[in-house]
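A short worksheet on the structure shown next.
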Amino acid sequence: MRGTTLADAGREDRQVAAAEDDSILVRTEDVWRKYHVGAEDILALRGVSLEIRRGQFAAFKGRSGSGKTTLLNLIGGLDVPTSGRIWLFGHDISGLSEDERTRLRRDRLGFVFQSFALLPTFSAYENVELPLRIAQLPARERRERAMRCLALVGLRRWANHRPFEMSGGQQQRLSIARALAQRPALMIADEPTGELDSETGRRIMMLFQQLVREEGVTILMASHDPTVDEFVSDVYQLNDGQIVDHIRYSG
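Per this note's numbering, residue 1422 is the first one in the sequence shown, and the count goes up by one each step.
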């Protein structure tokens, strides 16, 4: 049996440090993701290593196909790496079962999608309340949480309106309220301004800033919009599945 090498010992020390340092919310180490498409292998990520600390508002940027959405999906437990390790909240999630990853997403993460992904026949209130109902929270707590989340995004007066009665910006704010309902420590947003005009997109980014500052949410987002740099604390530039640059603006 092979003995422990200096590289192994160093890796184990880093893993222990990541588990003990609760300021590190997300950590990836040498993460690769390969997809089989017909007879071809596509390398979506190539050895990505990074750390995200609590309170960061970070953007993964790059062209279509650069790997930014793949990286978000791996961090959010929507996919698993081909190789490498991912820690969330100090726990290695790389080998979790699908059921365990589902519980992780339900209990500790919030997701915001470019296409909003709202239920069209549900009111704004019902869209936000649904994940709380699935979690079997008491009715009074569900209502208090749902109404507070709607108020946070400026939609309290729209609680009884359905998505088709709302503008694109309002629908995206509603999807953010839904993501906040479970009080996530980490919010993952994939191209959240991609379907919005520039001014509405800026208002969504300002809302994200407010949530980081006032609600203590850490936000990771994928975007190719150059204006997001005005709002985020960190930008990770991806190209061909690798992080090629990291710019820290604040924090």
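For every residue, glycine included, the Cβ atom is placed at its ideal position computed from N, Cα and C.
Pick from the options that is closest to residue i, judged by C-alpha positions
| i | options | result |
| --- | --- | --- |
| glutamine 1630 | Val1469, Met1608, Glu1620, Val1653 | Val1653 |
| methionine 1627 | Gly1575, Leu1551, Leu1540 | Gly1575 |
| leucine 1551 | Leu1601, Ile1514, Glu1612 | Leu1601 |
| lysine 1489 | Pro1605, Leu1539, Ala1610 | Ala1610 |
| threonine 1385 | Ile1625, Thr1639, Arg1448, Val1665 | Outside the displayed range of the chain (1422 to 1672) lies residue 1385, so it cannot be described from this structure. |
| tyrosine 1546 | Leu1493, Asn1581, Leu1641 | Asn1581 |
| glutamine 1603 | Thr1639, Glu1651, Met1568, Leu1530 | Leu1530 |
| leucine 1539 | Phe1478, Arg1594, Leu1617 | Arg1594 |
| isoleucine 1496 | Arg1522, Phe1478, Ser1487 | Arg1522 |
| isoleucine 1384 | Gly1459, Asp1462, Gly1468, Leu1641 | No answer is possible for residue 1384: it lies beyond the span of the chain, which begins at 1422 and ends at 1672. |
| serine 1487 | Phe1537, Leu1466, Ser1444 | Leu1466 |
| arginine 1527 | Ser1470, Gly1511, Leu1499 | Leu1499 |
| arginine 1669 | Gln1591, Leu1525, Arg1474, Leu1517 | Arg1474 |
| aspartate 1650 | Thr1639, His1667, Asn1660 | His1667 |
| glutamate 1620 | Gly1590, Asn1494, Ser1644, Ala1598 | Gly1590 |
| glycine 1615 | Met1642, Leu1471, Arg1554 | Met1642 |
| glycine 1622 | Ser1515, Ala1606, Gln1592 | Gln1592 |
| isoleucine 1514 | Phe1478, Thr1449, Arg1577, Ile1463 | Thr1449 |
One or two residues paired with residue i in a DSSP bridge
| i | result |
| --- | --- |
| valine 1447 | Ile1473, Leu1509 |
| glutamate 1461 | Val1458 |
| aspartate 1655 | Ala1479, Arg1669 |
| methionine 1608 | Gly1531, Ile1640 |
| valine 1452 | Val1469 |
| asparagine 1581 | Paired residues: none, contrary to the question. |
| asparagine 1703 | Nothing can be reported for residue 1703: it is not among the residues displayed for the chain, which extend from 1422 to 1672. |
Residue span of the beta strand (DSSP E) that contains residue i, given as start and end
| i | result |
| --- | --- |
| tryptophan 1639 | A small fix is needed here, since residue 1639 is threonine in this sequence, not tryptophan. Segment 1639-1644, the beta strand (DSSP E) holding threonine 1639. |
Enclosing alpha helix (DSSP H) for residue i [first to last residue]
| i | result |
| --- | --- |
| threonine 1490 | 1489-1496 |
| alanine 1602 | No alpha helix (DSSP H) contains alanine 1602, which DSSP labels as neither H nor E. |
Between the region 1552-1564 and the region 1633-1643, are three or more C-beta pairs nearer than 8 Å?
With a cut-off of 8 Å, the region 1633-1643 and the region 1552-1564 do not count as touching, because too few Cβ pairs lie within range.
Ignoring anything shorter than 4 residues or poking outside the region 1503-1572, list the alpha helix (DSSP H) runs there in chain order.
For the region 1503-1572, whole alpha helix (DSSP H) runs of length 4 or above, ordered along the chain, are 1519-1529, 1545-1555.
Kindly confirm or deny that the region 1474-1492 and the region 1655-1668 touch, where touching means at least three C-beta pairs closer than 8 Å.
yes
So, do the region 1603-1617 and the region 1577-1587 have three or more beta carbon pairs nearer to each other than 8 Å?
no
Quick test of the definition: if touching needs 3 or more C-beta pairs under 8 Å, does the region 1496-1505 touch the region 1440-1454?
yes
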